[in-house]
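Accompanying notes for the structure given below.
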Amino acid sequence: MQRLRVRTKAPRSEYEIKIGFGVIENVGNDARRWLGPHARRIAVISNKTVFEIYGQLSVLSLRTAGFEVSSCLLRDGEQAKSLNSIQNLISFLSNENFERSDGILALGGGVVGDVAGFAAAIYLRGLPFIQVPTTLLAQIDSAVGGKTAVNLKTGKNLVGAFHQPAGVLSDVRTLQSLPRRELVAGLCECVKQGVVSGKPLFNQTRRVLGELNSSSVTLMSLPLVKMIAAHCAFKAAVVKGDEREDRDRSDRRSRRILNFGHTAGHALEAVTRYKRFRHGEAVGVGMLVAGELSKHLGMLPAAELELLREAVRQCGRLPRTDDLDENDILEAIAHDKKSVSGSVQWVLLEGIGRPRIVSGKEFARRDLKLALRRALKMEVAR
Ligand code: NAD
Ligand code: GLY
C-alpha cells in the first residue's frame with residue numbers, strides 16, 4: 001500500500017491518497033476518517049458499468065462504517081459530462097435532503113469524478129467528496145488536483161470549479177476489469193506526465209510499459225502500484241505549486257504543463273465528434289504532434305523525439321488518423337478554448353522533463369501543418 005499527502009490551499013489544507021490492492025473493501029473506514037464523525041450520509045455517484053462490479057462492495061463497507069448510503073448512476077461515456085447530469089445530480093441530493101456535513105463519493109473513471117466533483121463543488125456551496133478512481137487515467141491524473149467540469153456543445157470542460165477531494169482511494173485491482181482500450185488511454189496519460197516530469201518518472205513509466213508488454217508484470221504488480229504512486233506524487237507537487245492554473249504563469253512547473261498533448265488532442269476529439277478516440281488516446285497522438293512541432297522548430301533533439309515516439313508506441317494501438325482532414329484539425333486547434341488573449345497556447349518540449357509553453361503566434365501555420373502531417377502519417381506507419 002502507498003500513501004501520499006497532497007497540500008492545498010484553504011479551506012482544505014491537505015488530503016490523503018491511498019493506493020493498493022483491494023483497498024476498496026475498506027472504503028467505509030477511510031471515508032469515516034476523511035469525512036469525520038458528523039457525516040451521516042453518503043451519496044455514491046457512479047455509472048451502471050462500474051457500479052455493477054464495485055457498487056455492492058463499496059456500499060457494504062460504507063454501511064458498516066455507519067453511513068446511510070444512497071446511489072445515483074450517470075450514463076456511461078463522455079456524454080454524461082453535461083449540465084443536464086449536474087441538474088439531475090443536484091435534484092437527487094436535494095430530494096434526498098443531503099446536508100453540508102454529508103459526503104459524495106465518486107466511484108468510476110474521469111467522467112464520473114469530474115461530474116460528481118462539480119456537483120459536490122456547487123451543491124450547498126460545497127460538500128466534501130471522495131474520489132475512488134477505477135481507471136488508470138483517473139488514478140494517475142483526474143482524481144488528483146481538484147479540477148471538476150462538464151462539457152458544453154462548444155467544447156470540453158467549459159463549466160467547472162476547483163474543488164479538492166477529501167481523500168482519494170485508488171484500488172489497483174479495479175484495473176483488471178478495465179477494457180484494453182481504456183488501459184491504453186491511461187498509459188498514454190502516464191507517458192504525458194512522465195515526459196513533462198523528467199527522466200526518473202519517464203524511465204519508470206517506460207520500464208512498466210515494457211514489462212506489461214512482455215507480460216513479466218501484471219496489473220496486480222508492485223511496480224504498477226509504485227508507478228501510480230510516483231505519478232500522483234508528481235501531479236500533487238505541480239498542483240501544490242499552481243493549484244488554480246495561473247494564466248500568467250508559463251514556467252516549467254506551472255500547472256499548464258500537464259496539458260502537454262492536449263491542444264492537438266482536444267482538436268482530434270472534436271473533429272471526430274468524441275466518437276473515435278478515448279481522451280487518453282487523443283492525447284497520445286497529440287503528444288506526437290507537439291513533439292514533431294518542437295523538433296521542427298529546432299527545440300527538441302531528434303533522439304529525444306524518438307524516445308517520446310517509442311513510449312507512445314509502447315502504450316498500444318491507437319485509432320487511425322490517416323483519413324482525417326488536416327485543415328479540419330487546424331481549424332479546431334485555432335478554436336482551442338485554452339487560448340490566452342486570442343492565441344492558442346502550446347506545451348512544447350525542449351527535452352524529456354523540459355516542457356516549454358509557447359504561444360501559437362510564435363510560429364507559422366505551415367510549421368504546424370507540417371508537424372501535424374508527420375505525426376498523423378507516423379500513426380499510420382506504426
Ligand atoms: P471514463 O470515465 O469514461 O471511463 C472509461 C470507461 O471505462 C467507461 O466506459 C467506464 O464505465 C469504464 N470503466 C471505468 N472503470 C472501470 C473498471 N474498473 N472496470 C471496467 N470498466 C470501467 O474515462 P476516463 O479515461 O477515466 O476519463 C476521461 C475523462 O476524464 C475525460 O472527460 C477527461 O476530460 C477527464 N479528465 C479530467 C482530468 C481532471 O483533472 N479533472 C484530467 C484528465 C482527464
Ligand atoms: N489534467 C490536467 C490538470 O489536472 O491540470
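My numbering applies: residue 1 is where the sequence shown begins, and numbers increase by one.
The beta carbon of each residue, even a glycine, is placed where N, CA and C say it ideally should be.
- Between V111 and the set A332, V132, S70, the nearest pair of CA atoms involves V132.
- In the structure shown, the three-state DSSP call for F51 is helix.
- Distance from the CA of S101 to the CA of V150, rounded to the nearest whole angstrom, comes to 25 Å.
- Under DSSP, W346 forms a beta bridge with V358.
- Taking non-hydrogen atoms of the ligand GLY into account, the C-beta of L258 is found less than 7 Å away from one of them.
- The beta carbon of A236 sits closer than 7 Å to those of L4, V6, V144, all from its chain and outside the five residues before and after it, given in chain order.
- Between the alpha carbons of P179 and G265 lies a gap of roughly 21 Å.
- In the structure shown, A311 falls within a helical segment according to DSSP collapsed to helix, strand and coil.
- In the three-state reduction of the DSSP assignment, D328 falls in the helix class.
- Exposure of P37 is indicated by the presence of fewer than 16 other C-beta atoms within 10 angstroms of its C-beta.
- Shortest gap from the CB of D76 to any heavy atom of the ligand NAD: under 7 Å.
- In this chain, the beta strand (DSSP E) harbouring R7 covers 2–7.
- The continuous beta strand (DSSP E) containing D171 extends over residues 167–171.
- Rounded to the nearest whole angstrom, the CA to CA distance from H262 to G286 is 6 Å.
- Under the three-state reduction of DSSP, F67 is assigned to coil, being neither helix nor strand.
- Your pair R256 and V344 does not check out as a contact, with CB atoms roughly 12 Å apart and the cut at 8 Å.
- Relative to the ligand NAD, the beta carbon of A161 is positioned no closer than 7 Å to any heavy atom.
- The continuous stretches of alpha helix (DSSP H) do not include K275, and DSSP gives it neither H nor E.
- For A290, the number of other beta carbons within 10 angstroms of its own is at least 16, and it is reported as buried.
- Residue pairing of F162 in beta bridges, as defined by DSSP: K147.
- Contact between the stretch 39–49 and the stretch 60–79 is present, with at least three C-beta pairs closer than 8 Å.
- The C-beta distance from S294 to L300 rounds to 4 Å, short enough to meet the 8 Å contact threshold.
- In the DSSP assignment, E14 forms a beta bridge with R7.
- For P133, the uninterrupted beta strand (DSSP E) segment begins and ends at 129–133.
- Each residue's CA atom was taken as its position, placing K226 and T174 some 16 Å apart.
- Taking one beta carbon from each stretch, the stretch 319–326 and the stretch 303–311 have fewer than 3 pairs nearer than 8 Å; the two do not touch.
- Per the Cβ contact rule, the stretch 56–65 is not in contact with the stretch 86–100 (fewer than 3 Cβ pairs under 8 Å).
- In the three-state scheme derived from DSSP, where H, G and I count as helix and E and B as strand, K156 is classed as strand.
- Inter-residue distance for K369 and L224 is about 37 Å (C-alpha atoms, whole angstroms).
- If you compare the alpha carbons of G28, V69, R32, N26 with that of V44, the shortest gap goes to V69.
- With respect to G28, M1 sits apart: the two C-beta atoms are not nearer than 8 Å.
- The three-state reading of DSSP puts A120 in helix, counting H, G and I together.
- Distances from the CA of A302 to each of G22, E350, K199 were compared; the closest alpha carbon is that of E350.
- Assigned with DSSP and collapsed to three states, I104 falls in strand.
- The beta carbon of G241 lies closer than 6 Å to those of R253 in the same chain, with the five residues before and after it left out.
- For E211, the enclosing alpha helix (DSSP H) starts and ends at 199–213.
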